[in-house]
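Trainee: Numbering (the numbering used here), first residue to last: 75 to 394.
Even glycine gets a Cβ: it sits at the ideal position worked out from N, Cα and C.
Small disclaimer: the values here were computed from a predicted structure and weren't measured.
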C-alpha cells in the first residue's frame with residue numbers, strides 16, 4: 075500500500091514529491107544510487123543493506139544518469155529521476171495476484187532511459203506506452219518531464235508536464251491522461267483505481283490534506299525569506315515536514331489488509347513502509363533527493379525502525 079504525493083510550481087519549486095514504498099522487508103532491494111539500469115548481479119548475493127549513517131551520493135559520470143532505488147528481484151524501480159529532468163513514479167493496484175510475463179517496473183525504467191527528442195512531449199511518451207497495448211498486472215504510473223521544445227532560463231523557469239498512465243487493473247487496456255490543474259497543486263496516488271474511488275481512499279485524502287498544509291506553510295515562509303542561508307534552512311524544514319507527514323497513521327490499530335488504505339505509514343509486521351523519499355526541484359533545475367529507511371529487518375530477523383540519520387542524500391543540477 076504505497077503512496078505518492080506531488081505538486082508543481084509551489085513554494086519556489088518546479089516540483090515537490092514525497093512518497094512511501096510499502097513492501098515485504100525481506101524483498102531484496104538496492105538503496106538509491108546512480109546507475110543506468112544495467113543488469114543486476116545474482117539475486118542470491120546480499121543486496122540492499124541499510125546504511126548505518128547519512129550517505130552523500132556524489133553525481134557520477136554521465137553514463138550513470140538515473141538516481142533511484144532498485145528492486146533486486148525484478149530490476150526495476152518504484153521511483154526514479156534522471157539527470158535530464160525525467161521523473162517516474164509507480165504504484166501497484168491492490169488486486170488478487172496474477173502472473174504476467176511483463177514487468178511494470180520496466181515501464182518506469184524505459185521512460186527514464188529514453189532519449190529526449192525536440193518534438194516529443196511527455197504526453198507523446200505516455201501515448202506510446204498505451205499504443206504498445208501490452209498486458210500488465212494493475213498499476214498507476216506518474217510520468218513527469220519538462221517540455222523538450224523549451225529550455226528554462228531566468229525569464230522562463232523550469233516547468234514539468236505530467237501524465238498518469240494506468241490500466242485500472244490486471245490485464246486491462248492501458249490509458250493515459252494529463253493531471254488536472256487542481257491535481258497539479260497537490261495530487262495523491264496510491265494503490266486504488268483512477269476514476270473508481272482511488273483518489274478517495276482515506277490515506278490519499280489525508281495525505282493530500284497534510285501535503286497541502288506543508289506547501290502552504292512553505293509558501294508563506296518563502297515570501298519572508300531574505301538570505302540564501304535562510305532559504306537553505308527553510309528547505310530543510312520543508313523536507314522534515316514532508317517526512318513527518320509520511321509517518322502519519324490513525325490511532326486505531328490496523329488488523330485487516332483492506333484497512334491499509336486508511337494509513338499513510340504502514341507499521342511493520344514483516345510487511346510495512348520500508349522507505350520514504352523526498353524529492354525537490356527548484357525552478358533553475360537544482361534538485362535535492364533524500365531517501366530514508368523507515369522499517370528494516372534487524373540482525374535477528376525481526377522488524378526494527380530505521381534511523382532517520384541513516385539517509386541517502388544527493389544535491390545535483392539537472393541537465394536542462
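Could you tell me how far apart the beta carbons of residue 238 and residue 268 are, in whole angstroms, since I believe they sit closer than 8 Å?
Mentor: Contact holds; Cβ gap of about 6 Å.
Trainee: Output the boundary residues of the beta strand (DSSP E) element that contains residue 284.
Mentor: Note, residue 284: premise wrong, no beta strand (DSSP E); alpha helix (DSSP H) at 276-296.
Trainee: Counting C-beta neighbours from all protein chains within 10 Å, is the total for residue 67 16 or more, i.e. buried, or is it exposed?
Mentor: An answer regarding residue 67 cannot be provided, because it is not within the stretch 75 to 394 covered by the chain.
Trainee: Count the other CB atoms, across all protein chains shown, that sit within 10 Å of the CB of residue 375; report buried if there are 16 or more and exposed otherwise.
Mentor: exposed
Trainee: What do you reckon, are the CB atoms on residue 354 and residue 90 nearer than 8 Å?
Mentor: yes
Trainee: Tell me whether residue 77 counts as near the ligand ZN, meaning its Cβ is closer than 7 Å to at least one heavy atom of that ligand.
Mentor: The ligand ZN is not part of the structure shown, which contains no ligands of any sort.
Trainee: Out of 383, 86, 146, 93, point me to the one whose CA is closest to residue 281's CA.
Mentor: 93
Trainee: If the criterion is Cβ atoms closer than 8 Å, does the pair residue 178 and residue 164 meet it?
Mentor: yes
Trainee: Provide the residue span of the beta strand (DSSP E) that contains residue 164, from first to last.
Mentor: 161-166
Trainee: With residue 196 as the anchor, note down where its beta strand (DSSP E) starts and where it stops.
Mentor: Careful: residue 196 lies outside any beta strand (DSSP E), inside the alpha helix (DSSP H) at 196-205.
Trainee: Identify every residue that forms a DSSP beta bridge with residue 346.
Mentor: Partner(s): 97.
Trainee: For residue 377, which three-state DSSP category applies?
Mentor: Note: residue 377 maps to strand in three-state DSSP.
Trainee: Nearest to residue 85 by CA position, among 316, 289, 192, 352, is which residue?
Mentor: 289
Trainee: In angstroms with no decimal places, state the Cα-to-Cα distance between residue 120 and residue 102.
Mentor: Here residue 120 scores only 40 on pLDDT, less than 50, and its place in the model should not be relied on; the value that follows carries that caveat. About 8 Å.
Trainee: Is the CB-CB distance between residue 361 and residue 317 below 8 Å?
Mentor: no
Trainee: Quick check on this structure: which residue in 298, 312, 297, 266 has the alpha carbon closest to the alpha carbon of residue 284?
Mentor: 312
Trainee: Rounding to the nearest angstrom, what Cα-Cα distance links residue 325 and residue 339 in this structure?
Mentor: 12 Å
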